[in-house]
Ligand SMILES: *[C@@H]1O[C@H](CO)[C@@H](O)[C@H](O)[C@H]1NC(C)=O
Ligand SMILES: *[C@@H]1O[C@H](CO)[C@@H](O)[C@H](O)[C@H]1NC(C)=O
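Residue numbers (this note's numbering): 1092 to 1515.
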């Protein structure tokens, strides 16, 4: 009798769930989000916004083509009179069918039982809205069936994260998609004899060198994957660069130096071992400008020497605004056409932000049109600025929140679905 009753209630539940799903599907195809309504009522031409598709499993970027469009031949200011940085972004956004090529590695698959893409970010102190924004951008863009973000917390006294309003709404994604982990330097460095004698060396260097410069190499030496700085937002699916059979960082603006804000290394690889061993001989100096001398033992280093070791990706792929800011290239028109890192925080339209529309308002800022084509956006330390609703970051934040709450789809038109709610 008890058994019968259980079966009976079970099938009722199945019918109910099916009805809810049918309703949900109809709803999601017919419901127009209020935000789009507002756009339609605006008195201006409606620009069609092309939806993005996820890359196919096992497809990676062709570096020859990426460089052709995204690595300027010269870094002198005159050259930028004829070279458009936005052309690189347009290429990345519109020509995937040309530059994404099948990886020779047949094992790359995205499924819940595959080895996930492993990302690391390091954060010192309490979790605030900025680091939460970074985690949200990860959830919004990455394929959640095969991505994991480790958030390494240092000097963080929070013992109950559910009391922190910035991270609380995200806890349902942990531990499946991201993990809050404690950074403990003794535990990390005692783990491998390569760091023998670290206690003495580290005291000699810390004030001059960013601590996080060390952290990223220590984490990747042990776990492998991709390190991302906390002041970076994910803008698109990282698989086409993550799965390249190539370790990389990106170019420090127009200098022949690495920026390690994005750093892809395999655990215990020859390159990461080489960097760590050399840094141990140089007072644990992991400063990005030092890295090239560890990798190439020459007086005069050219880019090809570096690419043969740790590939130096074009700046614009991960840091689309940097060249414009650093070289003060006011003639470069970008999408969005902002001029400085602080502009992403501004609650009002900046001068010439929409060059074709003199009466532009912030309602024209669309979460789908923030440096389309770039893989990430690095905002360079604007930690003191606050995120206002109508700023670019405010608009992105609202988009992320709506996705996380199941109210609107992400950039790939995917909803947080029932499948995810079940496993959380
Ligand atoms: C990458 O693009 C270059 C230039 O078009 C081409 O010669 C090369 O074969 C491509 N590589 C792959 C793996 O498709
Ligand atoms: C850090 O790790 C060391 C060595 O594993 C351990 O003795 C110490 O208690 C840890 N510290 C904290 C704060 O957990």
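Every residue gets a Cβ at the ideal spot worked out from N, C-alpha and C, and that includes glycine.
Source: prediction; values computed, not measured.
Residue range of the beta strand (DSSP E) that includes residue i
{"i": "residue 1214", "result": "1208 to 1215"}
{"i": "residue 1365", "result": "Where residue 1365 is concerned, there is no enclosing beta strand (DSSP E), although the alpha helix (DSSP H) it sits in stretches over 1361 to 1372."}
{"i": "residue 1403", "result": "1402 to 1404"}
{"i": "residue 1324", "result": "1323 to 1325"}
{"i": "residue 1351", "result": "1349 to 1356"}
{"i": "residue 1192", "result": "1191 to 1193"}
{"i": "residue 1463", "result": "Looking at the DSSP string, residue 1463 is not in any beta strand (DSSP E), and its letter there is neither H nor E."}
{"i": "residue 1147", "result": "Element bounds for residue 1147: n/a, residue is neither H nor E."}
{"i": "residue 1516", "result": "Past the edges of the chain, shown from 1092 to 1515, lies residue 1516, and the structure says nothing about it."}
{"i": "residue 1271", "result": "1269 to 1273"}
{"i": "residue 1341", "result": "1339 to 1342"}
Cα-Cα separation between residue i and residue j, rounded to whole angstroms
{"i": "residue 1428", "j": "residue 1444", "result": "5 Å"}
{"i": "residue 1331", "j": "residue 1183", "result": "11 Å"}
{"i": "residue 1506", "j": "residue 1494", "result": "7 Å"}
{"i": "residue 1166", "j": "residue 1231", "result": "34 Å"}
{"i": "residue 1175", "j": "residue 1381", "result": "30 Å"}
{"i": "residue 1129", "j": "residue 1373", "result": "Only weak support is given to the placement of residue 1129: the predicted model assigns it a pLDDT of 44, under 50, and the question is left unresolved by the model."}
{"i": "residue 1125", "j": "residue 1194", "result": "Note on residue 1125: pLDDT 46, under 50, position unreliable in the model; no value is reported."}
{"i": "residue 1453", "j": "residue 1481", "result": "6 Å"}
{"i": "residue 1074", "j": "residue 1314", "result": "Here the chain has residues from 1092 to 1515 only, and residue 1074 is not among them."}
{"i": "residue 1364", "j": "residue 1161", "result": "30 Å"}
{"i": "residue 1276", "j": "residue 1357", "result": "20 Å"}
{"i": "residue 1274", "j": "residue 1499", "result": "35 Å"}
{"i": "residue 1430", "j": "residue 1278", "result": "43 Å"}
{"i": "residue 1249", "j": "residue 1283", "result": "29 Å"}
Proximity test, residue i beta-carbon vs ligand 2 heavy atom, cut-off 7 Å
{"i": "residue 1505", "result": "no"}
{"i": "residue 1277", "result": "yes"}
{"i": "residue 1247", "result": "no"}
{"i": "residue 1281", "result": "yes"}
Contact check, residue i vs residue j, beta carbons under 8 Å
{"i": "residue 1325", "j": "residue 1462", "result": "no"}
{"i": "residue 1345", "j": "residue 1412", "result": "no"}
{"i": "residue 1473", "j": "residue 1436", "result": "yes"}
{"i": "residue 1225", "j": "residue 1321", "result": "yes"}
{"i": "residue 1349", "j": "residue 1379", "result": "yes"}
{"i": "residue 1080", "j": "residue 1486", "result": "The chain is shown from 1092 up to 1515; residue 1080 falls before or after that span and cannot be answered."}
{"i": "residue 1236", "j": "residue 1199", "result": "no"}
{"i": "residue 1318", "j": "residue 1327", "result": "no"}
{"i": "residue 1146", "j": "residue 1191", "result": "yes"}
{"i": "residue 1140", "j": "residue 1426", "result": "no"}
{"i": "residue 1213", "j": "residue 1360", "result": "no"}
{"i": "residue 1242", "j": "residue 1312", "result": "no"}
Residue from the options whose Cα sits closest to the Cα of residue i
{"i": "residue 1156", "options": "1404, 1351, 1392", "result": "1404"}
{"i": "residue 1217", "options": "1252, 1206, 1430", "result": "1252"}
{"i": "residue 1438", "options": "1483, 1415, 1302, 1431", "result": "1483"}
{"i": "residue 1170", "options": "1420, 1301, 1148", "result": "1420"}
{"i": "residue 1227", "options": "1479, 1406, 1263, 1334", "result": "1263"}
{"i": "residue 1221", "options": "1490, 1164, 1477, 1502", "result": "1477"}
{"i": "residue 1151", "options": "1424, 1388, 1386, 1188", "result": "1188"}
{"i": "residue 1422", "options": "1410, 1433, 1442, 1408", "result": "1442"}
{"i": "residue 1238", "options": "1206, 1362, 1277", "result": "1206"}
{"i": "residue 1196", "options": "1406, 1234, 1337, 1468", "result": "1337"}
{"i": "residue 1471", "options": "1369, 1323, 1392, 1456", "result": "1323"}
{"i": "residue 1440", "options": "1408, 1391, 1479, 1465", "result": "1479"}
{"i": "residue 1465", "options": "1384, 1410, 1215", "result": "1410"}
{"i": "residue 1245", "options": "1215, 1475, 1186, 1269", "result": "1215"}
{"i": "residue 1256", "options": "1391, 1492, 1500, 1499", "result": "1492"}
{"i": "residue 1204", "options": "1240, 1267, 1292, 1347", "result": "1267"}
{"i": "residue 1333", "options": "1347, 1341, 1342, 1316", "result": "1316"}
{"i": "residue 1223", "options": "1211, 1233, 1260, 1329", "result": "1260"}
Endpoints, the alpha helix (DSSP H) within which residue i is located
{"i": "residue 1484", "result": "1483 to 1495"}
{"i": "residue 1307", "result": "1302 to 1314"}
{"i": "residue 1276", "result": "1276 to 1280"}
{"i": "residue 1238", "result": "No alpha helix (DSSP H) holds residue 1238; the beta strand (DSSP E) holding it covers 1238 to 1245."}
{"i": "residue 1416", "result": "1413 to 1417"}
{"i": "residue 1182", "result": "1176 to 1185"}
{"i": "residue 1332", "result": "1330 to 1333"}
{"i": "residue 1171", "result": "Note, residue 1171: premise wrong, no alpha helix (DSSP H); not H, not E."}
{"i": "residue 1223", "result": "1220 to 1232"}
{"i": "residue 1397", "result": "1394 to 1398"}
{"i": "residue 1157", "result": "1154 to 1161"}
Residue i beta carbon near ligand 1 (any heavy atom closer than 7 Å)
{"i": "residue 1332", "result": "no"}
{"i": "residue 1407", "result": "no"}
{"i": "residue 1192", "result": "yes"}
{"i": "residue 1158", "result": "no"}
{"i": "residue 1336", "result": "no"}
{"i": "residue 1153", "result": "yes"}
Proximity test, residue i beta-carbon vs ligand 4 heavy atom, cut-off 7 Å
{"i": "residue 1387", "result": "Although ligand 4 was asked about, the structure shown includes only ligand 1 and ligand 2 as ligands."}
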